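Residue numbers (the UniProt record's numbering), protein chains in the order written: chain A, 1 to 292; chain B, 1 to 316; chain C, 1 to 554.
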């Protein structure tokens with residue numbers, strides 16, 4: 001959340017109008033508030049609760065929510081679900097943010113290169129983007145997760161590697177249209193290097209769509225992490241993540257439904273918040289976008 | 001027109017080659033491989049496993065394996081499953097019906113509900129309905145589908161007992177009613193996300209259409225709002241929808257991956273997961289190519305349809 | 001069938017009760033678990049039984065490389081020369097007698113075999129079954145172009161000669177006692193159908209098999225179920241049901257839910273999960289039984305890792321495993337603790353092995369004495385080797401993951417660091433397992449083929465895959481005495497001599513601890529009330545080994 005706010009301030013041309021419109025968007029504000037609460041809870045919450053997220057106590061298995069000090073109950077190994085949920089939140093949110101940063105970097109790099117260079121390099125890059133896009137993304141994710149040892153860092157990389165294409169497409173289109181504008185021509189006339197033009201002249205003008213795409217990528221990354229961990233290919237125990245807390249919860253659906261309901265609700269809240277923010281940003285930055 | 005098609009065709013071929021190369025490489029670099037399933041068999045010796053690797057051609061260099069596979073594909077031979085030797089295309093065919101049934105039902109549901117919500121949101125812009133629809137769509141887009149499926153099973157099967165716990169039909173029954181009964185929950189779960197997408201697009205498209213000049217003209221002519229809506233607005237809003245439908249065609253394969261597993265649905269998504277689990281290379285490659293062809297087809301159909309509906313767009 | 005309930009701790013008495021449960025269905029003289037009250041079985045095959053399975057059977061040619069779940073179909077559609085009964089005794093099936101040294105079926109040196117066959121067997125298409133089919137089958141297995149399943153044993157067969165339609169002989173390259181057991185899992189395929197096929201790997205037969213068994217192939221809905229129908233001309237007793245359906249339900253929870261709702265009549269592999277066992281017992285009109293399986297679960301070590309080279313470490317780790325909590329707590333008392341890979345139902349099971357005792361202090365003492373001292377971070381080390389290792393199992397197996405996390409916590413108290421690093425099944429059991437690239441693994445697997453006690457493939461030093469060996473001794477266990485005993489046992493046809501050989505093997509393995517024994521599994525098998533004749537058989541890999549005897553009690 002802070003990352004986004006920080007990104008908002010330095011830009012110039014849409015500053016006043018954009019922020020005002022963004023603030024007008026109640027849902028986006030709600031999203032920011034919810035993410036703030038989630039982040040604060042995940043960072044400080046575990047210290048406030050009297051349990052350790054890894055401590056196993058077989059005598060306290062399957063305590064339902066609100067029994068004793070277990071506000072959210074306990075899991076099949078008798079660990080406090082509330083602490084685990086918050087610890088898991090750290091992992092899931094961190095993976096989501098980092099994957100977003102990484103995939104935005106990759107996507108922007110590919111998009112700018114393809115858009116500015118054009119020619120066969122551009123064509124080759126964009127056909128690769130198409131190629132990646134026409135894979136069932138779950139195939140790439142599962143195959144990579146099976147190949148690499150699934151640590152949080154690896155999962156982040158895997159998610160980033162499989163979700164940079166949207167950003168690349170958006171940026172490429174933007175750059176291609178900016179390339180022929182006067183200020184770029186002017187820069188070229190002055191004799192500025194290609195790299196300088198790309199980074200200093202074109203990129204700042206494409207920040208709007210990038211930021212929007214990025215905020216939606218966080219949402220997708222969190223979902224994707226949950227998805228692969230649910231299938232057992234993701235973050236490995238005992239480190240909790242929202243996704244791997246759901247893995248295995250299915251078999252206790254009848255006897256201990258809270259094991260499935262609580263982490264799922266956490267995922268939904270986080271993802272919804274990011275989607276709210278992304279939508280608000282889209283309005284604020286006046287980005288016309290064909291992707292949801 | 002023929003120039004357009006030719007261009008499109010050559011682009012598609014390039015795409016298929018890229019997809020197949022990436023897929024083949026990734027698949028083969030996955031450790032384990034198709035013989036891992038025999039790792040725990042007390043009677044399979046290391047010698048047996050080496051023999052099978054030799055027979056399946058796994059000992060050859062990767063590029064030879066790839067060209068061998070690709071050359072056969074060009075000739076129309078999709079290969080045979082490593083597991084049971086069944087022809088890949090026939091196996092895909094056998095799983096296609098189940099997936100089409102599920103996806104068809106849920107997509108129709110999504111289009112119907114989504115369009116209604118979208119149009120109503122647009123015509124009642126900034127109303128309570130519009131507001132709820134917006135929030136609802138965003139939440140729906142944020143719920144993990146598998147989790148939604150689990151919760152659905154918990155409520156409607158375990159607690160209420162209204163719908164079966166999965167399967168496409170009851171063995172020995174298989175009447176239309178039986179199919180429908182089994183379809184309810186999985187198609188609802190699957191359509192959730194699509195309702196959200198469709199309603200958002202429909203809302204935007206309708207708003208666009210409403211602001212067009214011909215709507216103003218129609219209003220000036222004194223046509224009823226209802227008539228304007230049905231004839232001019234919806235017709236124009238449908239145009240981008242066709243593109244969307246085309247683009248969504250490939251999700252037939254992956255759209256239902258986990259839903260099919262949770263609901264014991266014998267479709268392609270589950271076939272894909274199973275085949276990946278056994279490292280059944282020919283099967284996985286076949287499914288990847290199949291889905292890539294759908295992508296290509298989907299885009300093409302969308303483009304052609306749009307041009308057909310709207311003569312202002314020329315295919316060139 | 002008697003329901004088995006396990007007391008909280010290991011005891012001989014419980015083991016006995018288990019044996020009784022296994023044998024209860026055999027009280028009657030009929031072979032193969034033909035039910036004691038067979039007269040109640042309907043005169044004509046009636047009704048349908050749906051077996052729910054967690055994996056999809058896809059390989060229907062029984063000679064092709066396949067996995068456990070395909071066995072149920074093979075047993076129902078095909079026949080082998082012999083069958084193994086629940087007591088572990090080999091009975092004739094397509095053969096009229098079991099060859100042995102006494103009846104001259106096997107020569108004194110164990111090299112010449114002679115099999116006499118039934119003359120009243122017909123294939124499902126009406127053609128008679130003859131010795132030519134047996135010859136064709138044995139030759140197909142060793143055909144280098146055919147993707148056959150196990151070839152061990154078969155590769156030793158030479159000079160197959162058809163004496164008459166009902167008699168066949170061959171010579172073995174060397175004496176190999178387990179071969180008789182192997183033949184109980186070698187189903188005979190029809191020569192007249194398969195010889196016409198250019199490529200046996202892609203034959204149409206593989207998708208619509210023709211056998212001699214109690215059930216005929218009917219139809220298959222890929223990805224969903226397959227249906228077999230009664231073979232009215234079956235040469236033996238049965239079948240008593242008209243239709244046998246194998247239904248594929250990939251999710252274990254859904255499998256159980258469908259058993260509960262009645263969509264599935266009988267839960268097959270991988271059975272009801274232990275955490276549903278208690279609830280399942282309370283279901284109305286359902287019979288839930290604990291059925292012993294040969295699968296042996298262990299904390300499997302890679303002995304070439306410097307951490308595990310020393311016996312003291314292995315002993316200490318074993319003493320630090322709280323088996324009681326794992327079995328009673330995490331597994332709801334379903335499996336039976338064990339000290340050996342040999343199923344306790346086996347004639348060769350050694351009941352005198354020292355019993356495991358959970359004792360953290362003793363574990364600490366052992367490590368202290370062996371010189372593994374805790375470092376600054378609390379993890380023990382000795383001459384530069386840190387007592388830290390990874391443990392892997394198939395990912396997405398919640399119960400095993402719970403065991404891992406539980407052990408991780410106990411080991412940490414001991415100053416031993418265990419990291420969890422799970423892999424998808426398709427990765428886990430490939431090179432990682434076969435070439436010993438793991439530190440430690442939690443694995444459940446069967447060691448025996450049929451009821452034969454030969455475990456050369458698992459424990460002989462010649463069988464270490466990572467060292468170019470032929471088998472799956474992936475712990476890289478190497479003990480010359482065990483090697484010698486295994487070589488001797490494989491050549492001996494005398495059950496008494498073999499018993500003492502394999503008792504000694506178990507003793508040595510229990511002492512050396514190449515793997516830390518956890519338990520022998522019991523399947524929580526469930527079926528609808530009214531299904532009779534289903535008898536468990538620890539010597540086969542499937543619950544459907546005797547579907548021919550199943551029937552609905554009216």
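Beta carbons: idealized from backbone N, C-alpha and C, even for Gly. These numbers come from a predicted model, not from an experiment.
key: Residues of its chain near residue 11 (chain C), where Cβ-Cβ distance is below 7 Å and the 5 sequence neighbours each way are ignored   = Its pLDDT being 38, under 50, residue 11 (chain C) is placed unreliably by the model, and nothing is read from it.
task = Can you tell me which of C:200, C:95, C:55 and C:523 puts its alpha carbon nearest to the alpha carbon of residue 166 (chain C)?
result = C:95
inquiry  = Assuming residue 92 (chain C) is part of the beta strand (DSSP E), what are its boundary residues?
reply    = 90-92
query = What residue does the beta strand (DSSP E) around residue 290 (chain C) start on, and which one ends it?
reply = 286-301
task = Determine whether the Cβ of residue 427 (chain C) lies closer than 8 Å to any Cβ atom of chain A.
result = yes
task = Could you list which residues in chain B have their beta carbon closer than 8 Å to that of residue 147 (chain C), in chain order?
result = 52, 55, 56 and 85
task = Give the interface partners of residue 74 (chain C) over in chain B, defined as CB-CB distance under 7 Å, in chain order.
result = Those within 7 Å of residue 74 (chain C) in chain B number zero; the least Cβ separation is about 13 Å.
DSSP state of residue 14 (chain A) mapped onto helix, strand, coil = Confidence is the limiting factor: at residue 14 (chain A) the pLDDT is only 44, short of 50, which leaves the residue's position unreliable and the question unanswerable from this model.
task = Specify the secondary structure class of residue 65 (chain C) as computed by DSSP and reduced to three states.
result = coil
key: Contact the segment 202-210 of chain B vs the segment 227-238 of chain B: 3+ CB pairs below 8 Å   = yes
key: Residues of its chain near residue 106 (chain B), where Cβ-Cβ distance is below 6 Å and the 5 sequence neighbours each way are ignored   = 187, 190 and 191
task = Just the C-alpha distance for residue 558 (chain C) and residue 48 (chain C), rounded to the nearest angstrom, thanks.
result = It is not possible to answer for residue 558 (chain C), since the shown part of chain C is limited to 1 through 554.
Start and end residues, beta strand (DSSP E) containing residue 512 (chain C) = No beta strand (DSSP E) contains residue 512 (chain C), which is instead part of the alpha helix (DSSP H) from 495-512.
inquiry  = Which residue wins for smallest C-alpha separation from residue 71 (chain C), given the options C:81, C:85 and C:56?
reply    = C:56
query = Should residue 177 (chain B) be labelled buried (16 or more other beta-carbon atoms within 10 Å of its own) or exposed?
reply = exposed
ask   = What does residue 272 (chain C) pair with, by DSSP beta-bridge criteria?
value = C:524
inquiry  = Whether or not the segment 45-63 of chain A and the segment 212-226 of chain A are in contact is what I'm after, with contact meaning three or more pairs of Cβ atoms, one per stretch, closer than 8 Å; do they touch?
reply    = no
key: Within chain B, partners of residue 538 (chain C) - CB distance below 7 Å   = Simply none; closest approach about 14 Å.
query = Is it the case that the Cβ atoms of residue 15 (chain B) and residue 229 (chain A) are separated by a distance below 8 Å?
reply = no
task = Using a Cβ-Cβ cut-off of 8 Å, state whether residue 283 (chain A) counts as contacting chain C.
result = no
inquiry  = By alpha-carbon positions, which one of C:353, C:319, C:348 and C:334 ends up nearest to residue 361 (chain C)?
reply    = C:319
task = Could you work out which residues of chain C lie near residue 238 (chain A), taking near to mean beta carbons separated by less than 7 Å?
result = 405, 408 and 420
query = By Cβ distance below 7 Å, which residues in the same chain neighbour residue 116 (chain B) in space, the five residues on each side in sequence not counted?
reply = none
Residue 225 (chain C) - containing beta strand (DSSP E), residue span = 225-230
request  = Can you have a look at residue 153 (chain C) and say buried or exposed, based on whether 16 or more other CB atoms are within 10 angstroms of its CB?
outcome  = buried
message = Let me check you understand the geometry: is the CB of residue 529 (chain C) closer than 7 Å to at least one non-hydrogen atom of the ligand SAM?
response = The model on display carries no ligand, and the ligand SAM is accordingly not part of it.
task = Taking 8 Å as the cut-off, decide whether the C-beta atoms of residue 86 (chain C) and residue 537 (chain C) are in contact.
result = yes
message = Strictly below 7 Å CB to CB, what residues from chain B border residue 257 (chain A)?
response = 154
ask   = For residue 253 (chain A), which residues in chain B fall below 8 Å Cβ to Cβ?
value = 150, 153, 154 and 158
ask   = Helix, strand or coil for residue 135 (chain C) per DSSP?
value = helix
query = So, does the CB of residue 83 (chain C) fall closer than 8 Å to a CB anywhere in chain B?
reply = no
request  = Below 8 Å CB to CB, which residues in the same chain sit around residue 411 (chain C) once its five sequence neighbours on both sides are set aside?
outcome  = 317, 320, 417 and 418
Extent of the continuous beta strand (DSSP E) run through residue 97 (chain B) = Careful: residue 97 (chain B) lies outside any beta strand (DSSP E), inside the alpha helix (DSSP H) at 88-123.
Neighbouring residues, chain A, relative to residue 275 (chain C) (Cβ below 9 Å) = 76, 251, 252 and 255
query = Between residue 43 (chain B) and residue 541 (chain C), which are expected to be in contact by the criterion C-beta below 8 Å, what is the C-beta distance as a whole number of angstroms?
reply = The Cβ separation is near 11 Å, so there is no contact.
Within 7 Å of chain B by C-beta, residues of the segment 119-132 of chain A in sequence order = 127, 128, 130 and 131
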